[in-house]
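Q: Residue numbers for the sequence shown follow my numbering, so the first one is 11 and each next one is one higher.
All residues carry an ideal CB built from backbone N, CA and C; glycine is no exception.
Provided herewith is a single structure, encoded as structure tokens, for subsequent inquiry.
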Amino acid sequence: MAIVRVPSEDRTLRGFDEARQHLAGIDIEYERWSAARPVAADAGAEEILSAYRDDIEKLKSRGGYVTADVIDVRPATPGLDAMLAKFSREHWHDEDEVRYIIAGSGVFHIHPRGGPVTAIEVEAGDLIRVPRGTWHWFDLCTDRRIRAIRLFQDPAGWAPNYTESGVERGFEPVCLGPSYVPAQ
Ligand SMILES: [Fe+2]
Numbered sequence: 011m012a013i014v015r016v017p018s019e020d021r022t023l024r025g026f027d028e029a030r031q032h033l034a035g036i037d038i039e040y041e042r043w044s045a046a047r048p049v050a051a052d053a054g055a056e057e058i059l060s061a062y063r064d065d066i067e068k069l070k071s072r073g074g075y076v077t078a079d080v081i082d083v084r085p086a087t088p089g090l091d092a093m094l095a096k097f098s099r100e101h102w103h104d105e106d107e108v109r110y111i112i113a114g115s116g117v118f119h120i121h122p123r124g125g126p127v128t129a130i131e132v133e134a135g136d137l138i139r140v141p142r143g144t145w146h147w148f149d150l151c152t153d154r155r156i157r158a159i160r161l162f163q164d165p166a167g168w169a170p171n172y173t174e175s176g177v178e179r180g181f182e183p184v185c186l187g188p189s190y191v192p193a194q
């Protein structure tokens, strides 16, 4: 499950309830999904969408999302550096950013107005909904791999609007990973 950190308070939240509650407090929805039937992480996009159809349909009706697709990012993906550079600076969208992670990992940094930045390291099984207008940025982990279902209200609204605050420069996109043991 996701590892949630508040770097400025040197706090790491690892329990599901604790993480979910903290994220709800900054308006970020967090859930864990599992497929209605077994599906391989490298299955075709249609097969993935079909295995998660029930969850996707529920989310669509709740959030007004009209389309869903599967994004597949690998180290060899053409133009990967340019793509990552687009989203690793603080920005917001006019649409919600909804991601369900099928494989790989990455770190969302969420910057609530007037509150400390929260880092969310997502992995397979995590669903995150970043509401429209939320200041945030995203980095991949060092394996530069992520596969995720995306939901859109209007794909055209998903372009980044930059805050140009430079706040992201104060945060390392560190991935702790499942084997990380926090120092006591
Ligand atoms: Fe974004």
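Determine the burial state of Glu182: buried for a count of at least 16 other Cβ atoms within 10 Å of its Cβ, exposed for fewer.
A: As a working mapping, residue 182 is identified with position 172 in the sequence shown. Glu182 comes out exposed.
Q: Rounded to whole angstroms, what is the Cα-Cα separation between Pro48 and Tyr110?
A: Here residue 48 is taken as the residue at index 38 of the sequence shown, counted from 1. Here residue 110 is taken as the residue at index 100 of the sequence shown, counted from 1. If I take the Cα positions, the gap works out to 16 Å.
Q: Just to confirm my understanding: we take Gly116, look at its own chain, exclude 5 residues before and 5 after, and list those with CB closer than 7 Å. What are they?
A: Start at 1 with the first residue of the sequence shown, and residue 116 comes out as number 106. Hits under 7 Å: Val132, Phe148, Asp149, Leu150, Cys151, Ile156.
Q: Check the C-beta distance from His119 over to His146 and give it rounded, since I have them as a contact under 8 Å.
A: Looking up residue 119 in the sequence shown gives position 109. Looking up residue 146 in the sequence shown gives position 136. Yes, His119 and His146 are in contact; Cβ-Cβ is about 6 Å, under 8 Å.
Q: Who are the Cβ neighbours of Tyr172 in its own chain at under 8 Å, not counting the five residues just before and after it?
A: By 1-based counting over the sequence shown, the position of residue 172 is 162. The residues are Arg99, Glu100, His101.
Q: For Ile112 and Gly176, what's the separation of their Cα atoms in angstroms?
A: Locating residue 112 in the sequence shown gives position 102, where the first residue counts as 1. Locating residue 176 in the sequence shown gives position 166, where the first residue counts as 1. Each residue's Cα considered, the two are about 30 Å apart.
Q: Kindly confirm or deny that the segment 122-136 and the segment 12-25 touch, where touching means at least three C-beta pairs closer than 8 Å.
A: Yes, the segment 122-136 touches the segment 12-25.
Q: Would you mind reading off the limits of the alpha helix (DSSP H) that contains Gly73?
A: Here the question's residue 73 lines up with position 63 in the sequence shown. Counting along the chain, the alpha helix (DSSP H) containing Gly73 begins and ends at 63-73.
Q: From which residue to which residue does the beta strand (DSSP E) around Ala78 run?
A: Indexing the sequence shown from 1 puts residue 78 at position 68. Element bounds for Ala78: 77-83.
Q: Which whole-angstrom value describes the C-beta separation of Ile36 and Gly125, a residue pair presumed to lie in contact below a C-beta threshold of 8 Å?
A: Taking the sequence shown and counting its residues from 1, one reaches residue 36 at position 26. Taking the sequence shown and counting its residues from 1, one reaches residue 125 at position 115. Contact holds; Cβ gap of about 6 Å.
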